[in-house]
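Chains as they are written, first to last, in the working numbering: chain V, 3 to 119; chain U, 13 to 128. Only one structure is covered here, and it is reproduced in the block below.
Take a look at the structure:
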């Protein structure tokens, strides 16, 4: 079956530009997560959606980062005025909603490699 | 907040040997500890996880142990094969009941190389 897909796979932009990164979760998954993975590091939590709402955005580094999920499916991560330090792989993951005492697996996409020149 | 440390950063073994990767965490409220395998150019894939009410869990050649008192957990891979070569990440999270929300905090990863 189809997994989590992310587009584009690679994005090269210039400092100061605006970028959008797209995530298509597994069909029916209500939970969606964005992570950022710098070279040689583990993924770092950015934001979590349950349905259409951002339930926890405490990992967004500053107000240049914003994410939406208007219909509870596809999500877009938006970065304004990009900086060289934003260069990383941006990962998206989705899971079905956990029931009582259930912890449902996060399925990760392949990521978008963002390079800010 | 939670902090997860992972060791070693690289691990080289011969095919058939065992491999052990260790992690420590700081937040005693964490109750969920997954392990992920990441191959080059791909996203992490869950290979095994353990809840805080369990001390050990095994799935074929892979096992995870958890010591809540010492706040550390370990991944054990037996009879390693070349296809086990990848980067492995541990993670920790406090998962509230009824939500399943996992704000995972990852370790820095272990690059495992299994030589034929």
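Ideal Cβ placement from N, Cα and C applies to all residues, glycine included.
**Prompt:** Would you say residue 55 of chain V reaches chain U, if we count a Cβ-Cβ gap shorter than 8 Å as a contact?
**Reply:** Residue 55 of chain V sits at position 53 when you count from the first residue of the first chain. So no, residue 55 of chain V is outside the interface.
**Request:** Please go through the same chain and pick out, in chain order, the residues whose beta-carbon is closer than 7 Å to the beta-carbon of residue 88 of chain V, but skip the five residues on each side of it.
**Result:** Taking the first chain and counting its residues from 1, one reaches residue 88 of chain V at position 86. Taken in chain order, the residues that qualify are 81, 116 and 118.
**Message:** Taking 7 Å as the limit between beta carbons, can you name the residues of its chain near residue 18 of chain V, skipping five residues before and five after?
**Reply:** Start at 1 with the first residue of the first chain, and residue 18 of chain V comes out as number 16. The residues are 83 and 84.
**Asked** Looking at chain U, which residues of the stretch 6-27 of chain V have a Cβ within less than 7 Å of any of its Cβ atoms?
**Response** none
**Request:** Kindly list the residues whose CB is nearer than 6 Å to the CB of residue 123 of chain U, restricted to its own chain and excluding five residues on each side of it in sequence; keep chain order.
**Result:** Reading the second chain from its first residue, position 111 is the one you call residue 123 of chain U. If we look at residue 123 of chain U and ignore the five residues flanking it on each side, its Cβ neighbours are 22 and 99.
**Contact with chain V by residue 70 of chain U, beta-carbon distance below 8 Å** = Position 58 of the second chain holds residue 70 of chain U. Taking Cβ atoms only, chain V never reaches closer than 8 Å to residue 70 of chain U, which makes this a no.
**Prompt:** What residues from the stretch 97-121 of chain U come within 8 Å of chain V, judged by C-beta to C-beta, listed N to C?
**Reply:** 101, 103, 107, 109, 110, 111, 112, 113, 114, 115, 116, 117, 118, 119, 120 and 121
**Proximity to residue 53 of chain V [Cα-Cα], best of V:28, V:22 and V:38** = By 1-based counting over the first chain, the position of residue 53 of chain V is 51. If we check each option's Cα against that of residue 53 of chain V, V:28 comes out closest.
**Request:** Name, please, each residue of chain U whose Cβ falls closer than 8 Å to the Cβ of residue 58 of chain V.
**Result:** Against the first chain, residue 58 of chain V aligns to sequence position 56. Those are 113 and 115, listed as they occur along chain U.
**Message:** Strictly below 7 Å CB to CB, what residues from chain U border residue 107 of chain V?
**Reply:** Start at 1 with the first residue of the first chain, and residue 107 of chain V comes out as number 105. Going along chain U in sequence order, the residues near residue 107 of chain V (Cβ under 7 Å) are 58.
**8 Å Cβ shell around residue 76 of chain V - same chain, five flanking residues per side excluded** = Along the first chain, read from residue 1 onward, the residue named residue 76 of chain V stands at position 74. Closer than 8 Å at Cβ, skipping near neighbours: 24, 25, 26 and 27.
**Request:** Determine the direct distance from the alpha carbon of residue 41 of chain V to that of residue 39 of chain U, and round the result to whole angstroms.
**Result:** Residue mapping note: residue 39 of chain U aligns to position 27 of the second chain, counting from 1. Residue mapping note: residue 41 of chain V aligns to position 39 of the first chain, counting from 1. Approximately 25 Å between the Cα atoms of the pair.
**Prompt:** Considering residue 41 of chain U, what are the terminal residues of the beta strand (DSSP E) in which it resides?
**Reply:** By 1-based counting over the second chain, the position of residue 41 of chain U is 29. Unbroken run through residue 41 of chain U: none, as it is neither H nor E.
**Message:** If you reduce the DSSP assignment to three classes, tell me which class residue 123 of chain U lands in.
**Reply:** Counted from its first residue, the second chain places residue 123 of chain U at position 111. Strand.
**Asked** Taking Cβ to Cβ, would you say residue 118 of chain U is nearer than 8 Å to residue 16 of chain U?
**Response** Translated into positions along the second chain, residue 118 of chain U becomes position 106. Translated into positions along the second chain, residue 16 of chain U becomes position 4. Yes, the pair counts as a contact, with Cβ atoms nearer than the cut-off.
**Prompt:** Based on the DSSP secondary-structure assignment, which residues constitute the bridge partners of residue 57 of chain U?
**Reply:** Walking along the second chain from the start, residue 57 of chain U turns up at place 45. The partner list for residue 57 of chain U (beta bridge, DSSP) reads U:49.
**Prompt:** Applying a beta-carbon distance threshold of less than 9 Å, which residues of chain V neighbour residue 37 of chain U?
**Reply:** Numbered from its first residue, the second chain carries residue 37 of chain U at position 25. Residues of chain V passing the Cβ test: none, with the nearest at roughly 13 Å.
**Request:** For residue 93 of chain V, return the contacting residues in chain U, with the cut-off set at a CB-CB distance below 9 Å.
**Result:** Against the first chain, residue 93 of chain V aligns to sequence position 91. What residue 93 of chain V touches in chain U: 55 and 56.
**Residue from U:18, U:94, U:114 and U:125 whose Cα sits closest to the Cα of residue 43 of chain U** = Stepping through the second chain from its first residue, residue 43 of chain U is reached at position 31. When only C-alpha atoms are compared, the closest one is U:114.
**Request:** Tell whether a beta-carbon distance below 8 Å holds between residue 51 of chain V and residue 34 of chain V.
**Result:** Here residue 51 of chain V refers to the residue found at position 49 when the first chain is read from its first residue. Here residue 34 of chain V refers to the residue found at position 32 when the first chain is read from its first residue. Yes; because the gap between Cβ atoms is below 8 Å, this pair is in contact.
**Message:** By alpha-carbon positions, which one of V:20, V:38 and V:31 ends up nearest to residue 62 of chain V?
**Reply:** Translated into positions along the first chain, residue 62 of chain V becomes position 60. The candidate whose alpha carbon is nearest that of residue 62 of chain V is V:38.
**Chain-ordered neighbours of residue 45 of chain V on chain U, where CB pairs are closer than 8 Å** = By one-based count along the first chain, residue 45 of chain V stands at place 43. Neighbours of residue 45 of chain V on chain U, chain order: 56, 101, 116 and 118.
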